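K.L.:
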């Protein structure tokens, strides 16, 4: 592979539609021209032999996609950033020392506040599009993705061209796409899942419809009017579309698949989705940034009998569930172990964080921190995160198991269970719950439902009813904010649904 951009966007008809944004289509010809313009801009960065890091701070847009491709085309290192507080953003800029910072209008002011470096607008006029693709070692750093930092400081994950290319091919082996496919994209491009949608569709010559995930009516209108064939989402978006009635409002005859990844999909939502859009297949995918977005798939034909599973590992990669000594757990038993990922999609490591690398990357394998069991057929079921297990009153509890029960209540759209300090139990379980559209939830009914289905030590001591769960820009749950909310005076019993 001479350059990753050749894989991501091989020769497609220049007039073919590539990206829809804000009411207009951009063609593959326009995308290629704009990418080469950005490549020429990046290629002009003065360097002392090092490949420059180019920071991209932007919501999804045609210009962001073109800039990302241009950075790769030029052989530089792309660093698309999530929305972050000033202190975290400043720390990343200091850590990366970028050669160039590009931003959309929504991010320019913050960047100018935290850095003295020049910030160029993504839509700046550019003329030179004669840059030649730079040949690059496929195992060299190509992409630097920062985690949202919801459980600590943001951490940069280093991905190579080989990581990205291998992952794209593995995804396409499980989800065949063609030039006729058109995905609605609510996933940000600073998130590996969102980038994987960009990579696979550009490689196949398909098209992308860029949308704001917070407006149900907009999403449904775009899907119906633009003939969307694919809907890749995180569970929170699917919860919103199903639980609040969005998918029921418009017929979607063109929709042929739904992809769900990022966290566990609630079984009631999955079953309801299959009834609402029976012509569409539902694919469940598991992956991490460190495994370049994909590590396992649950195929649609096994979804109903393996509901709740993340499926099996990718065809040409390794996913195993292991004991602390590295030996595999016994399939079909109740034994639990840690998920370990091996293969060409495993990241190079964390950027300038040797302690974290030593803990998580061992002998080329990534230790995810997810705890799981394996059934007799080799299907993997996640029990929870090792760091999120709660010790309450002497009992070890996986919050996800409690969430699964709360989500069975028909009135519940979303739920998150977490722990707060407790002087008697050590830690106490709290459930934050979002009601379905038009439903009024009461804490006493939630508690009664849990008492009927769980051992007493697993029943949350408090229930907080929210309009929405707090999430980061990639859609992942912000557990730190949940704990802060639960500990705030406004949410104490007598002042909230507790």
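Numbering (my numbering), first residue to last: 154 to 651. Glycine included, each C-beta is placed from N, C-alpha and C at the ideal position. On a predicted model such as this, the values are computed, not experimentally measured, just so you know.
1) Helix, strand or coil for residue 545, going by three-state DSSP, please let me know.
2) The beta strand (DSSP E) with residue 618 in it runs from where to where?
3) Whether or not the region 386-402 and the region 425-438 are in contact is what I'm after, with contact meaning three or more pairs of Cβ atoms, one per stretch, closer than 8 angstroms; do they touch?
4) Judging by CA-CA distance, which residue of 236, 339, 241, 186 is the nearest neighbour of residue 279?
5) Once DSSP output is grouped into helix, strand and coil, what is the label at residue 489?
6) Between which residues of its own chain and residue 319 is the CB-CB distance below 6 angstroms, once the five residues before and five after are set aside?
7) Taking C-alpha atoms, which residue in 505, 574, 225 lies nearest to residue 247?
8) Mapping DSSP to helix, strand and coil, what is residue 503?
9) DSSP three-state label for residue 576, please.
10) Could you say which of 613, 615, 636, 612 lies nearest to residue 622 if we only look at CA atoms?
11) Give me the residue from 518, 453, 489, 508 with the minimum Cα distance to residue 542.
12) From the DSSP output, in three-state form, read off residue 157 for me.
13) Go through its chain and collect everything with a Cβ distance to residue 553's Cβ below 6 angstroms, but skip five positions before and after it.
14) Tell me the residue span of the beta strand (DSSP E) that contains residue 386.
15) Rank 513, 522, 559 by C-alpha distance to the C-alpha of residue 491 and give the top, closest one.
16) How would you call residue 616, buried or exposed, if buried means at least 16 neighbouring beta carbons within 10 angstroms?
17) Where do the ends of the beta strand (DSSP E) carrying residue 436 lie?
18) Which residue from 466, 171, 236, 289 puts its Cα closest to that of residue 716?
19) According to DSSP, is residue 195 part of a helix, a strand, or is it coil?
20) Return the residue from the list 172, 566, 189 that minimises the CA-CA distance to residue 389.
21) First and last residue of the alpha helix (DSSP H) that includes residue 376?
22) Rounded to whole angstroms, what is the Cα-Cα separation between residue 306 and residue 166?
23) Is the separation between the beta-carbon of residue 338 and that of residue 362 shorter than 8 angstroms?
P.N.:
Based on what the coordinates show:
1) strand
2) 615-619
3) yes
4) 186
5) coil
6) 497, 498
7) 505
8) strand
9) coil
10) 636
11) 489
12) helix
13) 537
14) 383-386
15) 522
16) buried
17) 434-439
18) In this structure the chain extends from 154 to 651, so residue 716 is not present and cannot be described.
19) helix
20) 566
21) 369-378
22) 43 angstroms
23) yes
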